[in-house]
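Numbering (this note's numbering), first residue to last: 7 to 270. The beta-carbon is built from N, C-alpha and C at its ideal position, and this holds for glycine as well. Below: one structure, written as structure tokens.
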Amino acid sequence: MQKEKRNVERGFAFYDWGKSAFETSVSVAILPAWFTYLFLEANGLNVRIGSIEMTGDAVWSFAVSGAALLVALVSPSLGVLADRRRVKMWWLRILTYTGVVGTLLIAAAPFLPISTQWIWMMVMFVIANVGMNGAGVFYNALLPHLGEPEDMDRISNLAFAYGYLGGGLLLVFHLGLLIGTGYADWAMMFAIASSGVWWYVFALLTFRWVPEPEISNEMEPLGFVESTKLGVSEVIKTLSEVRRFKVLFLYMFAYFLFIDGINS
């Protein structure tokens, strides 16, 4: 029984180990610089989109913002599904596969004409990022089902530690590879593709060891519109009760400042 419980906790933590490669190597360290380089090769310093002149960095910022907006739009619906239906592991698989495939397809950009490489890379990144953040909704919803309330901090800290270690180790390898090869195209492709493979391989441990949690009074299936309305109404209700959760909302405000600082 104890061994099975440890495997469940480790399976949960290994998902963070795997997907953190996307956050460190792809989102933060490698892809933004590679995108800007390909944009420069195709367009020079600026490209005109409508009546606006935009640099590669500006276009990339819009891509990141667009991915975040898509996730924000679907999150209320996904949150309802995660909390009220026994579909956490199913959706975690689907959205993980979406993110992994998107990541692998980013690496295929150099096979395209130079004029379209940056567009392809941007679109695939949005798909991969939506997959990762969407999967995060269902991944986080698993935590309360993995143990007793007093176990939550320990399990959450374990997953965070695995994430920093897994993402950090692969990032060090990637940076060594890129510096050692003079930032060769094949090394860029390998770094991005291997991040997707890393994510997929360790996610398999999660899929194998973490069972679908039981839910009492499971909700009947709802369409996207209905579940979105329900999710939004619950968010509004929670916000209206902010005085009951002062410490929680202070923590969330501080966290948003902290994580936005890191991302910037």
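Residue burial classification, residue i (beta-carbon count within 10 angstroms, cutoff 16)
i           : result
residue 88  : buried
residue 127 : buried
residue 136 : buried
residue 159 : exposed
residue 124 : buried
residue 22  : buried
residue 56  : exposed
residue 204 : buried
residue 202 : buried
Pair within 8 Å by beta-carbon distance, residue i and residue j
i           : j           : result
residue 195 : residue 69  : no
residue 61  : residue 75  : no
residue 33  : residue 176 : no
residue 174 : residue 208 : no
residue 132 : residue 72  : yes
residue 147 : residue 105 : no
residue 90  : residue 225 : yes
residue 169 : residue 26  : yes
residue 163 : residue 77  : no
residue 47  : residue 161 : no
residue 86  : residue 236 : yes
residue 82  : residue 238 : yes
residue 28  : residue 66  : no
residue 248 : residue 259 : no
residue 54  : residue 218 : no
Whole alpha helix (DSSP H) runs in the segment 47-114 with 4 or more residues, listed along the chain? 62-90, 94-112
Q) Is the segment 96-115 in contact with the segment 153-167, if contact means three or more CB pairs nearer than 8 Å? A) no
Inset, instruction - Entirely within the segment 207-263 and at least 4 residues each: give me those alpha helix (DSSP H) ranges in chain order. - result: 230-246
Please determine if the segment 9-18 and the segment 36-44 are in contact, where contact requires at least 3 C-beta pairs separated by less than 8 Å.
-> no
* Asked: Counting pairs of beta carbons, one from the segment 99-118 and one from the segment 190-204, are three or more of them closer than 8 Å?
  -> yes
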